[in-house]
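Protein chains in written order, with our numbering: chain H, 510 to 826; chain X, 1118 to 1538; chain A, 815 to 1102.
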């Protein structure tokens, strides 16, 4: 970033300005918890998009890693050590480890087959959480724990009681995670991923180990997904097996598509729209599921490039 | 293959138009929320409207709406009009339920919050309500801990604990069906505590457990378990499944002819489940938490008639009554305390006895002090395949058990309330 | 004990056949159109509800005959106006489309038929065991087996003996060539989708006799179908059939020893198959 290009940085600055000032204006349109939810889901969608949008690999089972992060954090705080930081680290590592192990079994697959196998693997974790109820709480979810105030030794941060403080805590994590993903995508590694997306065969001919790169992208994506999952557990002070469920995976994918998979901030925008829309619809009508379904159909048929796609087209016109 | 090129414009427009029309009709009608006003008391409802518990949730919602109309007709709560703010908690997604609870409390600033049918969500909502000191009523989640180990000073529960239900049915079963029991228990907290309750109650009366299986929640095929149960040759096969699991298990047990060889029974049963079963599978000895056909209890007939008017002719179930009693609990708490302050209201409800026109039970019902658990009557009886005078009269009450006789003592519940200073 | 295991193996075969019925429908659609039909469970529910609503007029048998056909017609319409629009695009879009449809189906059935589960009645004589020692062999389960065998056999005849079947199979292997040879691919895919949905509808009617009839009836059946396809191998109907039966038997045996793992066992099988033979037991090498 030696030569700071204002024009290129504009989207980043806008998003950051909106997110940093969010607690100031959110109460006019919504409530803080929903704002935090947007940031958490935004991180999840951007993590998925690392694989989906930038590597061109269709995972429909990312909820599994979201859930692993959530349970990892919750179980650490509940059973091992009441420390928010440790919980987040364990949750994230749990997701990363699972992704590393499952990766080799699936990187050879492509297209719908890849999607289907990722769903099926995701369901394994769902059933573990659902059935092993002495440890996970089963269908009742895991209760009896709370996010703990952060203690840095020199200063304490009460993220437990003050929702605004907690929001900023999540935002800091979000910014760090997104910055890392952004830097990775701008690196030669990121360019290779995009090359795989554009033309896998050609990339292979160039002597690049495509499966290894997909595996790496998969692990990175799942790791940040798990991080988002652990944030989500802290947000709700609660986890339950639905976090793993395949429907949740579908929701992450639609966030990416709705916002725009080809754009860095697209999934974040998709997450914001989806979270807000679902919150609004489910208060407005008991038949909200139909409307959510209709959103899927309309996006797929008429706005396949998402909101960012439309903005870009308008801009070039 | 670009087959969405030329024709798409027309279709897009039609689709959007059609969508807009349906959408407008849907979005405007059901739960329009009026602007925040000081002369309104808001009751937030965070209960399932979709998923597995949708049917139960809708019945509770009907009871709630009816109670609100009654209260408003009599001048509201402390002279203010009552309004419901209804949110769909979904049937099992704690994230959504918690988010909705915060939305109701933070944004809609409700004075009361009600939820949930799912015990796990009930507990999650209880934690939020406790953090924010809001008066909370659990209409229908049975797990013991809600008014036991994890109880809160501000959380009141209308439906029974699993342990109470188990004790209520045990006596009658031992007497009428035999002492050798085989358990088919859903493998989660609700099932475990039901079975533990039954085993303890049966042991006191000389009952024996001859075997049992933990069936995973969401089991669709029960044949393997039924094969094992049959091989154990018990007097009674106990089904502790709820909801869909119960429907599946009973349907299959009857198909296998097990009802002709053994006595089939269980603890908690709901009219909703019996209605979902084909007539031949409406069998067994059960506990109902409330039943609509109570000819000798004053007020019940009027209540049933009013519910029928609102439900297109259907009778109220225990769920309808839970919803009804939950809302009245809120109104009574405010009236009793003459305040909307949660601490004052919760104090006023300690040991409070529901008036008979709301309890709608022979012996009435009261909130036990120190636990906030409603202690009502329980109805032990058997299912019947078809009602004589009414197609929805699917249960025959044999004995009415007083809740106080079968509830664990306050010490046994392990509830310790932590009141704010 | 051996008797118990034997019982459970037989029982597993019955359940497996049922999984296979759903899985074959999914597999047909997936291999010709590259679409994972998440709405399959929704179609299943529609089939079951239609049979329920028609029963007072045309009886159980009429419903069994007509409801799957009506479901298939709904399938043809959905394919023609919605799903066919995303062919040729990234498979992502078809996934999201059927995913959205699954939401609409679940909510739509709840809107029309209510959330309360409904009592679907099967003729009394079907509802009793054939013999008291093999009491789990009820008339209804035998009917299920007979019907599934008949339908699967019929499907194999269609696939191997008729022009439509040959074209579908050819299209599965190389759609472009089939198209160049003058086959109307659009109609081919439409009919193929219809056949798949017919199977879903039939599975729905049969399921309603065993399970509670409510909007999420298909939910618990869709995952085993996915696994059956993965284990058997995409593109191979015989493989899918085999996969379904294997899962059913494995579940039956696991239930005897370790009920909590009865669901997990199929995922373990899937993982093993993916490690040893990623294309599935009878799938062709190099297809994916």
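Where a beta carbon is used, it is the ideal one built from N, C-alpha and C, also for glycine.
Counting along the chain, residue 679/H sits inside the alpha helix (DSSP H) bounded by residues 672 to 695. Taking the Cα of residue 1493/X as reference, the smallest distance to any Cα among 1517/X, 1500/X, 1501/X, 1499/X is reached at 1517/X. Relative to residue 1046/A, the option among 1061/A, 1034/A, 1036/A, 1035/A whose CA is nearest is 1061/A. Beta-bridge annotation (DSSP): residue 1354/X is paired with 1299/X, 1381/X. Chain A has no Cβ within less than 8 Å of the Cβ of residue 552/H. Interface residue (Cβ-Cβ distance to chain A less than 8 Å): residue 806/H is classified as such. In summary, residue 987/A is exposed, with fewer than 16 beta-carbon neighbours lying within 10 Å of its beta-carbon over all protein chains present. At a cut-off of 8 Å between beta carbons, residue 1428/X makes no contact with chain A.
Around residue 920/A, the beta-carbon contacts reaching into chain H at under 7 Å are 798.
Shown here for residue 878/A: same chain residues with a beta carbon closer than 7 Å to its own, the five before and five after excluded, namely 865, 1019 in chain order. Note on geometry: alpha-carbon atoms of residue 1043/A and residue 1036/A lie some 11 Å from one another. Selection 1159/X, 1388/X, 1164/X evaluated against residue 1198/X yields 1159/X as nearest (Cα-Cα).
Counting only unbroken stretches of 3 or more residues, the beta strand (DSSP E) elements lying wholly within the region 1242 to 1279 of chain X are 1252 to 1255, 1272 to 1274, in sequence order. Every beta strand (DSSP E) of 3 residues or more that sits fully in the region 1389 to 1433 of chain X is shown, in chain order, as 1402 to 1405.
Secondary structure of residue 1474/X (DSSP, three-state): helix.
Residues of chain H with a Cβ closer than 8 Å to the Cβ of residue 910/A are, in chain order, 759, 762, 763, 766, 805, 808, 809. Under the Cβ distance rule, residue 650/H does not count among the residues neighbouring chain A, no pair being separated by less than 8 Å. The region 870 to 877 of chain A makes no contact with the region 1084 to 1093 of chain A: fewer than 3 CB pairs, one atom from each, lie closer than 8 Å. Under DSSP, residue 1332/X forms a beta bridge with 1303/X.
Along the region 1334 to 1348 of chain X, going in chain order, the ones with a CB nearer than 7 Å to a CB of chain H are 1334.
Taking 8 Å as the cut-off, the Cβ atoms of residue 620/H and residue 738/H do not count as close. Taking every protein chain shown into account, the CB of residue 971/A has fewer than 16 other CB atoms within 10 angstroms, so this residue is exposed.
Where residue 1461/X is concerned, the enclosing alpha helix (DSSP H) starts and stops at 1459 to 1465.
Bounds of the beta strand (DSSP E) holding residue 1230/X are 1229 to 1231. The three-state secondary structure of residue 1482/X, taken from DSSP, is coil. The straight-line gap separating the alpha-carbon atoms of residue 1220/X and residue 686/H is approximately 28 Å. Residue 941/A has a beta carbon lying within less than 8 Å of a beta carbon in chain X. At a cut-off of 8 Å between beta carbons, residue 1384/X makes no contact with chain H. The DSSP assignment places no complete beta strand (DSSP E) segment of no fewer than 3 residues inside the region 894 to 935 of chain A.
Residue 1206/X places its beta carbon less than 8 Å from that of residue 1232/X.
For residue 1437/X and residue 826/A, the gap between their C-alpha atoms comes out near 40 Å.
With a cut-off of 8 Å on Cβ pairs, the region 1460 to 1470 of chain X is in contact with the region 1480 to 1490 of chain X, counting three or more such pairs.
Boundaries of the alpha helix (DSSP H) around residue 636/H: 620 to 640.
For residue 854/A, the three-state secondary structure derived from DSSP is helix. Secondary structure at residue 540/H: coil, using DSSP grouped into helix, strand and coil. In the DSSP assignment, residue 1516/X falls within the beta strand (DSSP E) that extends over 1512 to 1519.
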